[in-house]
Amino acid sequence: MAERPRGRPRSRSRSGDRRPDNNNRNRRDDRDRNRDSDRGRDDRRQSYAGPSGRDDFNNRGQDYDRRSFGGDRGGHRGGHRGGHRGGYNSGGSQQNDNRRPPQSEPRLQNEVIEVHTNYFTLLNKPNWKLYQYHAFFEPMIESKGLRIALLYKHEELLGKSKAFDGSTLFTLTQLPNPEMELESVKNFDQNIVKIKLRLVAEVTPNSKEAMRLMNLVFKKCLKSSKYTEFGRERAYFDFDNMYEMRKYGLKIAAGYKASIDIYQDSLLLCTEIAHKLINLDTILDVMKNLHSNSNGQDYKQMCYEKLVGCTLMASYSKKTHRIDDIAWDISPRDTFSKKDGTQITYADYYFEHYKIKIRDMNQPMLLCLPKEKDKRRMNQERQSSTDEKSRKQTAIYLVPELCVLTGTVLLKEYAKDFSMKKDMDAITKLNPDVRVNRLNDFIDKINKNERAREEMATWQMKIDPQVVRCPALALKSEKIVFAHDNSSNCTQSGWNNLMKNGKHIYSVPLEKWYLIYQARDENRANFFLSEIQNVSNPMGLRINSGILWKLPDSRSNPIVFASSIKDILRKEKPQILVFILPNSAKDTYDAIKTACCVEYGIPSQCITSNILNDGNGKAGKARSAITKIAIQMNCKLGGVVWGVEIPITNIMVVGIDLYKDSAKRNQSVVAFVASTNGTETNKLNCTKFFSKCIMQPKNQDYIDHLQALMVDALIKYYENNQTYPDRIIVYRDGVSDGQFDVVKAHEIPQLTRAFLAINSNYKPFLTFMVVKKRGNSRFFYQNDGNFINPPMGTVINSKVVKQQEEFYLVSQSSDRGTVSPTHFHILERSNDDQKLKLERLPILTFKLTHLYYNWPGQIRTPSICQYATKLAHLVGESLHREHSQNLDDKLFYL
1 MAERPRGRPR SRSRSGDRRP DNNNRNRRDD RDRNRDSDRG RDDRRQSYAG PSGRDDFNNR
61 GQDYDRRSFG GDRGGHRGGH RGGHRGGYNS GGSQQNDNRR PPQSEPRLQN EVIEVHTNYF
121 TLLNKPNWKL YQYHAFFEPM IESKGLRIAL LYKHEELLGK SKAFDGSTLF TLTQLPNPEM
181 ELESVKNFDQ NIVKIKLRLV AEVTPNSKEA MRLMNLVFKK CLKSSKYTEF GRERAYFDFD
241 NMYEMRKYGL KIAAGYKASI DIYQDSLLLC TEIAHKLINL DTILDVMKNL HSNSNGQDYK
301 QMCYEKLVGC TLMASYSKKT HRIDDIAWDI SPRDTFSKKD GTQITYADYY FEHYKIKIRD
361 MNQPMLLCLP KEKDKRRMNQ ERQSSTDEKS RKQTAIYLVP ELCVLTGTVL LKEYAKDFSM
421 KKDMDAITKL NPDVRVNRLN DFIDKINKNE RAREEMATWQ MKIDPQVVRC PALALKSEKI
481 VFAHDNSSNC TQSGWNNLMK NGKHIYSVPL EKWYLIYQAR DENRANFFLS EIQNVSNPMG
541 LRINSGILWK LPDSRSNPIV FASSIKDILR KEKPQILVFI LPNSAKDTYD AIKTACCVEY
601 GIPSQCITSN ILNDGNGKAG KARSAITKIA IQMNCKLGGV VWGVEIPITN IMVVGIDLYK
661 DSAKRNQSVV AFVASTNGTE TNKLNCTKFF SKCIMQPKNQ DYIDHLQALM VDALIKYYEN
721 NQTYPDRIIV YRDGVSDGQF DVVKAHEIPQ LTRAFLAINS NYKPFLTFMV VKKRGNSRFF
781 YQNDGNFINP PMGTVINSKV VKQQEEFYLV SQSSDRGTVS PTHFHILERS NDDQKLKLER
841 LPILTFKLTH LYYNWPGQIR TPSICQYATK LAHLVGESLH REHSQNLDDK LFYL
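Here you go:
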């Protein structure tokens, strides 16, 4: 019998309420990535309009810091040397001082430093030959745990040196025959299961399969140390020692993610701390609370909205499932068919297998469709069938009383509770000193566990208790340049102090624009109209008085605001439309953005009214928000706020990102953003942009139509510079490790064909990099015996990287928790490019993290990547189609 009951039960007819066709079905999967929340400040921060504004400062899809603006140190040119194995050389003007205090002043030159990592070395490189077998079970056994137990009954044949993950068996001893058939008896029903073993390969210690084995062995060591695997990220948690937050009805499980791999000929174990948020109340408790607070509302509909799409944890097995439906006409007293054809009630099943007695026999059941890995084990006919009967046969029915909510849905639900977030941060946002100690304790616990030691000794494995150290390069601070050569070196406070009086490099005179608002917000509209002119003059912005367009108060805001756009544009076409919205309702925002960005091709700015006022005690705060709105409006018109020196001339940088369309479930958005100025005499390049998006099938691993996008970008570049770029740097976001080969095979050739389409003799230098923000690597800098975050602009390219052409960049500082580095993997590079050699790519990349105009500080990725992310998000969440060509040369999506 499977670990959980499946199949359509034999019960009364399904005549009860059906789940309505509502937006909950379109809710994106709660992927439960279990990201450890201490990642430093996010790359998508609070924007210029502040936390209460609407464009880029809404909280939907973005995580913004509500603190005042601030940044940190930057990077510039310098003696960046070394690379593959030797790391950075300390020659030239670089200094090697591993005990320098935390940086508070601009860094005037590059410095070689030493950083500690969250990697541990496997001291003994195994010297064995493995035999890999594939196991087939007849009949098919869905439970991986049962498959392991059935195979391990043949220990006399297999020997003690074995590892099995449910489908692949590794042994140090070769079996008598390449193909063997074994028989095992299931304990609970005495049925015989045939196990067929087939020799697949002989494995050497340096192979991928050997890494798979070592991770299996370490997984067994974790289980021996009482860690339980949980969640889609395969982290291991200690559920016996959880942090309880009873006043919030939550508990937090602490655990670890761990993986072994080869890094530059060394076997390293990467470890990272993970946290999982779990509800104290069962799902049945949640449903009862909804019922008691329904106040005449549709209780079942409330349950659907609250639960469907969320991730649950079964308390008895610690397994996670996504809630796809609520079966109101099924209860624990109903029966389902076991594999042997006999009938059993859900209540009896749980008592028989888990010794759990269900208290509420009238509660409905939670319907969970199987995960992809479970589907692959099922019969092909049932898997491919789409009818309702097959759907019920493959469904999993779980008891609400035995399940609790977990995952990112809980984080989103409690995100607005400042007190709760503060208390949770105290547990999850670990500073570097605490984090290093936790990791050391984790490895110490594994090394001291007798069963774990025996298991590792069997496979000739031993873990060094000391973390890996490696050389790194701290890049010197970058100079931020405004108009008239007004500049400042970056420090930890960023360049926010320059924003109010720093004149924009290029400002677009705003001569005609409309301010649309409802009657209730008339005072706020007048206040905004007067203040935006006051704040714009010191920044060199010329903003004429806007034309007021008052709308009647209405509950049908999407219709009212969309109609106003049509009425205004029937008269004339202003440069930009600014909207004061009564609230942050998504339907109103989407209607405005669709009309402006798709139908009419005009820039727009949305502001929620609560950040504005008529001067009653909060004018200072509102004035600050209006300053940031003015900056954002200039960007949307094509203005340039600041720049950094890009010494390599005639260069184009490109950012590419993907986003799953929230309304069209089988569609993904591809966003393509390219810089169009590369020959500026003051070297302040890469500050003007060309933006396009296309739609493609959701599950496609590579992007089509890149050739056409690149051709359009090159034509626009030529219009601005009267020449084509000599070198093109592409930053590709949204690629997993397993997609590298397909991206290299399908996307890079499209770019090459685009060059030939321009001119058969046009062959620019091309660099294609994959950008990864969600890795598990962490780096620490030791100062006076304490661990702190590395300085801004720290580059790591040795020891913990697998190849020569990859590096980590710490582009931000973090005053809370541990900063997360960004990983760059170079898939294609022109080796004969003498002006942009391998060691200069991190320097250029760090410069580009300074050019995101929604934040006066560095961000985690190059700005061109973040612009692509913003465009993809707007299209995927609000537009669901391509924007108007009129906006291609504007940052209309900020």
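Using full-length UniProt numbering, read the sequence shown as starting at 1 and increasing by one per residue. Glycine residues also receive a C-beta, built at the ideal position from the N, C-alpha and C atoms.
Rounded straight-line distance, which links the Cα of Gly-341 to that of Tyr-349
Your numbering for residue 349 matches position 349 in the sequence shown. Your numbering for residue 341 matches position 341 in the sequence shown. Near 14 Å, if we compare the C-alpha coordinates of Gly-341 and Tyr-349.
How many Å lie between Pro-519 and Ser-609 at the Cα?
By one-based count along the sequence shown, residue 519 stands at place 519. By one-based count along the sequence shown, residue 609 stands at place 609. Correcting the residue type first, residue 519 is Ala in the shown sequence and not Pro. Distance between the alpha carbons of Ala-519 and Ser-609 is about 12 Å.
Give me the Cβ distance between Leu-213 and Phe-170, rounded to the nearest whole Å; I'm assuming they're in contact under 8 Å.
Counting from 1 along the sequence shown, the entry for residue 213 is found at position 213. Counting from 1 along the sequence shown, the entry for residue 170 is found at position 170. That pair is a contact at about 5 Å.
Excluding sequence positions up to five away, which residues of its chain have a Cβ less than 8 Å from the Cβ of Met-242?
As a working note, residue 242 is residue 242 in the sequence shown. Closer than 8 Å at Cβ, skipping near neighbours: Lys-251, Ile-252, Ala-253, Ala-254 and Ile-278.
Inter-residue Cα distance where the pair is Glu-511 and Ile-559
One-based indexing of the sequence shown puts residue 511 at position 511. One-based indexing of the sequence shown puts residue 559 at position 559. Approximately 28 Å between the Cα atoms of the pair.
In terms of alpha-carbon separation, which member of Pro-842, Ile-864, Val-795 and Ala-630 lies closest to His-116?
Within the sequence shown, residue 116 is the residue found at index 116, counting from 1. Of the listed residues, the one whose Cα sits closest to His-116 is Val-795.
Would you mind sorting Trp-128 into buried or exposed? The rule is 16 or more other CB atoms within 10 Å of its CB.
The residue you call residue 128 lines up with position 128 of the sequence shown. Trp-128 is exposed by the Cβ-count criterion.
Could you tell me which uninterrupted beta strand (DSSP E) segments, each at least 3 residues in length, are contained entirely in the stretch 639-679, listed from first to last along the chain?
651-660 and 667-675
Relative to the alpha-carbon of Met-695, which residue among Asn-666, Gly-793 and Val-673 has its alpha-carbon at the smallest distance?
Walking along the sequence shown from the start, residue 695 turns up at place 695. Checking every option, the nearest Cα to that of Met-695 belongs to Asn-666.
Could you round the C-beta distance between Ala-483 and Leu-541 to whole angstroms and report it? I think they count as a contact, below 8 Å.
Locating residue 483 in the sequence shown gives position 483, where the first residue counts as 1. Locating residue 541 in the sequence shown gives position 541, where the first residue counts as 1. Actually they do not touch by this definition, with Cβ atoms about 11 Å apart.
For Gly-442, name the three-state secondary structure that DSSP assigns.
Looking up residue 442 in the sequence shown gives position 442. It is Phe, not Gly, that sits at residue 442 in the sequence shown. Note: Phe-442 maps to helix in three-state DSSP.
On the DSSP letters alone, give me the boundaries of the beta strand (DSSP E) that Cys-865 sits inside.
Here residue 865 refers to the residue found at position 865 of the sequence shown. No beta strand (DSSP E) holds Cys-865; the alpha helix (DSSP H) holding it covers 863-874.
Bridge partner(s) assigned by DSSP for Cys-693:
Along the sequence shown, one-based indexing puts residue 693 at 693. Answer is Ala-671.
Where Gly-145 falls: helix, strand or coil (DSSP):
Your numbering for residue 145 matches position 145 in the sequence shown. Helix.
By how many angstroms is the C-alpha of Arg-322 removed from the C-alpha of Leu-284?
Taking the sequence shown and counting its residues from 1, the one referred to as residue 284 is at position 284. Taking the sequence shown and counting its residues from 1, the one referred to as residue 322 is at position 322. Going from the Cα of Leu-284 to the Cα of Arg-322 covers about 16 Å.
So, for Asn-215: in the same chain, excluding its five sequence neighbours on each side, which residues have a beta-carbon less than 7 Å away from its beta-carbon?
Working through the sequence shown from its first residue, we reach residue 215 at position 215. Once the five neighbours on either side are set aside, the close Cβ partners of Asn-215 are Ser-259 and Ile-260.
To the nearest angstrom, how far is it from the Cα of Lys-890 to the Cα of Thr-869?
Residue numbering aside, residue 890 sits at position 890 when the sequence shown is read from its first letter. Residue numbering aside, residue 869 sits at position 869 when the sequence shown is read from its first letter. For Lys-890 and Thr-869, the distance between alpha carbons rounds to 15 Å.
What's the C-alpha gap between Trp-495 and Lys-247?
Position 495 of the sequence shown, counted from the first residue, corresponds to residue 495. Position 247 of the sequence shown, counted from the first residue, corresponds to residue 247. About 40 Å.
Just the Cα atoms here: how many angstroms apart are Arg-778 and Asn-613?
Translated into the one-based positions of the sequence shown, residue 778 becomes position 778. Translated into the one-based positions of the sequence shown, residue 613 becomes position 613. Answer to the nearest angstrom: the Cα atoms are 44 Å apart.
Beta-carbon separation (whole angstroms), Cys-403 vs Thr-282, contact threshold 8 Å
Here residue 403 corresponds to residue number 403 of the sequence shown, with the count starting at 1. Here residue 282 corresponds to residue number 282 of the sequence shown, with the count starting at 1. 6 Å between Cβ atoms; contact.
Assuming Cys-693 and Val-670 make a contact with CB atoms under 8 Å, what is their CB distance in whole Å?
As a first step, residue 693 must be located in the sequence shown, where it is residue number 693. As a first step, residue 670 must be located in the sequence shown, where it is residue number 670. About 6 Å; that satisfies the 8 Å criterion.
Touching or not, the stretch 131-150 and the stretch 187-202, by the rule of three or more beta carbon pairs under 8 Å?
yes
At what residues does the alpha helix (DSSP H) containing Tyr-299 begin and finish?
As a first step, residue 299 must be located in the sequence shown, where it is residue number 299. 299-307 is the extent of the alpha helix (DSSP H) around Tyr-299.
Below 6 Å CB to CB, which residues in the same chain sit around Ala-595 once its five sequence neighbours on both sides are set aside?
The sequence position of residue 595 within the sequence shown is 595, counting from 1. The answer, listed in chain order, is Ala-562 and Ile-565.
Helix, strand or coil at Val-535 according to DSSP, with G and I counted as helix:
Locating residue 535 in the sequence shown gives position 535, where the first residue counts as 1. DSSP places Val-535 in helix when its eight states are reduced to three.
Kindly indicate which three-state DSSP category Ala-327 falls into: helix, strand or coil?
Along the sequence shown, one-based indexing puts residue 327 at 327. The answer is strand: DSSP assigns Ala-327 an E or B state.
Return yes when the Cβ of Ala-757 is within less than 8 Å of the Cβ of Gln-707, no when it is not.
In the sequence shown, the residue the question calls residue 707 occupies position 707. In the sequence shown, the residue the question calls residue 757 occupies position 757. In contact: Gln-707 and Ala-757 (Cβ atoms closer than 8 Å).
So what does DSSP say about Pro-749, is it helix, strand or coil?
Here residue 749 refers to the residue found at position 749 when the sequence shown is read from its first residue. In the three-state reduction of the DSSP assignment, Pro-749 falls in the helix class, which pools H, G and I.
Identify whether Arg-41 lies in helix, strand or coil by the three-state DSSP scheme.
Mapped onto the sequence shown, residue 41 falls at position 41. Note that Arg-41 has pLDDT 36, beneath the 50 cutoff, so the model's placement of it is unreliable and no number is given.
Residue burial classification, Ser-556 (beta-carbon count within 10 angstroms, cutoff 16)
For the purposes of this step, residue 556 is taken as residue 556 along the sequence shown, with counting starting at 1. Exposed.
Could you work out which residue in Ile-843, Arg-232, Asp-238 and Glu-233 is closest to Ser-225 when comparing CA atoms only?
Walking along the sequence shown from the start, residue 225 turns up at place 225. Out of Ile-843, Arg-232, Asp-238 and Glu-233, Asp-238 has the C-alpha closest to the C-alpha of Ser-225.
Whole-angstrom distance between Met-287 and Cys-303, CA atom to CA atom:
For the purposes of this step, residue 303 is taken as residue 303 along the sequence shown, with counting starting at 1. For the purposes of this step, residue 287 is taken as residue 287 along the sequence shown, with counting starting at 1. Each residue's alpha carbon lies about 6 Å from the other.
Rounded to whole angstroms, how far is the Cβ of Glu-272 from the Cβ of Tyr-256, which I believe are closer than 8 Å?
Numbered from 1 along the sequence shown, position 272 holds the residue referred to as residue 272. Numbered from 1 along the sequence shown, position 256 holds the residue referred to as residue 256. The Cβ separation is near 7 Å, so the contact holds.
Can you tell me whether DSSP reads Ile-796 as helix, strand or coil?
For the purposes of this step, residue 796 is taken as residue 796 along the sequence shown, with counting starting at 1. In the structure shown, the three-state DSSP call for Ile-796 is strand.
Output needed for Gly-249: all residues of its chain with C-beta closer than 7 Å, excluding positions within five of it in sequence on either side, in chain order.
Within the sequence shown, the letter at position 249 stands for residue 249. Same-chain partners within the cutoff: Asn-279, Leu-280 and Asp-281.
With a 10 Å radius around its C-beta and 16 neighbouring C-beta atoms as the bar for buried, classify Thr-173 as buried or exposed.
Taking the sequence shown and counting its residues from 1, one reaches residue 173 at position 173. When all chains shown are included, Thr-173 counts as exposed.
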